[in-house]
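Numbering (the working numbering), first residue to last: 3 to 267. Remarks on the structure that follows.
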Amino acid sequence: MPTPPPTGPLVTRDSVAEQLRELGVRSGETLLVHSSLSSLGWVCGGPVAVVQGLLDALGPDGTLVVPTQTGDLSDPAVWGNPPVPEDWWETIRATMPAYDPQVTPTRGVGVIPETVRNWPDALRSAHPQTSFAAVGPRAAEITEGHAPDCRLGERSPLARLEALHARVLLMGAGYDACTSFHLAEYRIPTPLVKVGRPGPTGWEVVTEVSITDDRFDELGHDFERDRPVLRGAVGAADVRLFPVADAVAYAERWLAVHRSREDEM
3 MPTPPPTGPL VTRDSVAEQL RELGVRSGET LLVHSSLSSL GWVCGGPVAV VQGLLDALGP
63 DGTLVVPTQT GDLSDPAVWG NPPVPEDWWE TIRATMPAYD PQVTPTRGVG VIPETVRNWP
123 DALRSAHPQT SFAAVGPRAA EITEGHAPDC RLGERSPLAR LEALHARVLL MGAGYDACTS
183 FHLAEYRIPT PLVKVGRPGP TGWEVVTEVS ITDDRFDELG HDFERDRPVL RGAVGAADVR
243 LFPVADAVAY AERWLAVHRS REDEM
């Protein structure tokens with residue numbers, strides 16, 4: 003049987019840039035983008051066209067930032083999608099390649115961040131599991147100094163984005179993907195955990211803040227109800243735009259209340 007034609011809408015580089023400007027994206031700003039290519043429709047040029055459209059909307063003085071996470075660089079004992087046999091664990095720990103910001107591919111964040119990671123002049127932060135990549139004049143300022151024991155906290159690009167008055171763009175992505183909420187977890191009482199991963203000299207275990215996106219959809223619903231969030235569309239994708247600082251401040255209060263209630267139950 004012949005392949006059915008795409009249902010659209012037809013999305014182009016120019017339409018991405020135009021709809022982002024209509025939403026309120028400003029030339030020269032810094033934008034942290036969480037995205038889903040498949041949500042947009044039929045994109046002429048695929049992820050390259052989307053990144054070009056984002057950069058067009060931001061202009062030469064703007065900076066594009068994306069999460070380039072590598073959650074597979076972790077202890078196989080905690081893998082669940084899929085799990086691996088227990089008798090493989092030690093071999094995996096002994097042979098897993100260490101993180102290299104130049105070559106380690108992203109995992110679980112979509113093809114648009116992977117495209118940005120490979121973009122000319124893109125810079126990528128140093129954390130082996132929760133890195134960010136950036137393109138633009140503020141890329142170095144945002145990505146440098148990402149501490150190896152601070153996934154998404156005060157010594158990560160998120161804190162720099164907050165200080166730079168950056169905004170978050172959810173483009174076909176839900177609030178469960180909003181990494182800015184994680185920065186709030188570092189500002190409330192949160193348990194610590196041991197995190198295993200490959201390191202430059204072999205397997206290593208570091209102590210980190212325990213982070214989870216559980217209930218982020220509920221948090222995002224309340225945030226959008228209570229704080230100004232610009233809403234629109236790019237192609238078929240629902241799009242939301244809001245300041246990093248607003249998301250962090252709201253999440254800090256919300257998580258402090260709702261997680262303390264969970265602990266009491």
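Every residue gets a Cβ at the ideal spot worked out from N, C-alpha and C, and that includes glycine.
Separation of residue j from residue i, as counted between CA atoms
i	j	result
Gly30	Pro245	15 Å
Leu172	Asp228	17 Å
Pro139	Leu56	15 Å
Ala128	Val118	16 Å
Val86	Arg157	33 Å
Arg261	His223	16 Å
Asp123	Val68	14 Å
Ala235	Val18	9 Å
Val113	Val52	10 Å
Asp77	Glu206	10 Å
Arg153	Ser182	12 Å
Leu12	Leu66	24 Å
Glu1	Gly64	Shown here, the chain extends from 3 to 267; a query on residue 1 therefore has no answer.
Gly47	Ala179	24 Å
Leu60	Phe218	28 Å
Gly204	Leu75	12 Å
Ala79	Arg15	42 Å
Gly1	Pro49	This structure does not reach residue 1, given that the chain is present from 3 up to 267, and the question cannot be answered.
Ser40	Gly198	33 Å
Trp91	Glu164	38 Å
Glu88	Thr108	25 Å
Gly82	Tyr101	21 Å
Ala247	Ser133	19 Å
Lys196	Phe225	31 Å
Ala239	Pro62	25 Å
Asp356	Tyr252	Because the chain here runs from 3 to 267, residue 356 falls outside it and cannot be looked at.
Ala135	His148	11 Å
Gly73	Pro130	9 Å
Asp9	Val45	The sequence shown places Thr at residue 9, rather than the Asp named in the question. For Thr9 and Val45, the distance between alpha carbons rounds to 11 Å.
Assumed close pair residue i, residue j - CB separation to whole angstroms, cut-off 8 Å
i	j	result
Val111	Gln71	5 Å
Leu166	Leu25	In fact, because the Cβ distance is near 20 Å, the residues do not count as touching under 8 Å.
Arg169	Glu143	About 16 Å; that fails the 8 Å criterion.
Val27	Leu33	7 Å
Tyr188	Val211	6 Å
Gly237	Leu42	4 Å
Buried versus exposed call for residue i [16 or more other C-beta atoms within 10 Å across all chains shown]
i	result
Arg126	buried
Trp256	buried
His184	buried
Glu220	exposed
Pro4	exposed
Val259	exposed
Leu194	exposed
Pro230	exposed
Gln104	exposed
Gly155	buried
Asp151	exposed
As assigned by DSSP and simplified to three states, the class of residue i
i	result
Thr108	coil
Trp44	strand
Arg217	coil
Glu24	helix
Ala136	strand
Leu166	coil
Leu56	helix
Val68	strand
Thr181	coil
Thr14	coil
Contact test: residue i Cβ vs the ligand NAD heavy atom, cutoff 7 Å
i	result
Ala175	In terms of ligand content, the structure shown is empty, and the ligand NAD therefore cannot be addressed.
Bridge-paired residues (DSSP) for residue i
i	result
Val211	Leu194
Asp240	Ala235
Met173	Ser37 and Val241
Val259	According to DSSP, which records beta bridges pairwise, Val259 is partnered with nothing at all.
Trp205	Pro200
Arg126	Ala135
Thr9	Bridge partners of Thr9: none, in fact.
Thr32	Thr65
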